[in-house]
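According to the UniProt record's numbering, the sequence shown holds residues 1 to 61 in order.
Step one of this worksheet: look at the structure below.
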Amino acid sequence: DTLRHRDGRRFVFLVSQADQPISVEPVAASGHLVERGGETQVHTVELAPYDVKVFELRDRW
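The following block contains the structure:
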């Protein structure tokens, strides 16, 4: 799911409903994911059971 902040930033929430750790490779239709406050593009995300992680969605370079 995504959330748009009033300053224009967009955030993506990855939510695990699995009872065991999972690894996902998120694909954004437009843009790319980065760690909040970071610059490095995220390719693979490790989620613990029932974990939630938040990333910033940035426009393509």
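Beta carbons: idealized from backbone N, C-alpha and C, even for Gly.
(request) Decide if Leu3 is buried, meaning its Cβ has at least 16 other Cβ atoms within 10 Å, or exposed. (result) It counts as exposed.
(message) With H, G and I counted as helix, E and B as strand and the rest as coil, what does DSSP make of Ser16?
(response) It is coil, neither helix nor strand.
(message) If you measure between the beta carbons of Pro21 and Glu46, is that distance less than 8 Å?
(response) Cβ atoms of Pro21 and Glu46: closer than 8 Å.
(message) Taking 8 Å as the threshold (C-beta atoms), are Val15 and Val52 in contact?
(response) Contact: yes.
(message) So for Val24, helix, strand or coil by DSSP?
(response) Reduced to three states, the DSSP call for Val24 is strand.
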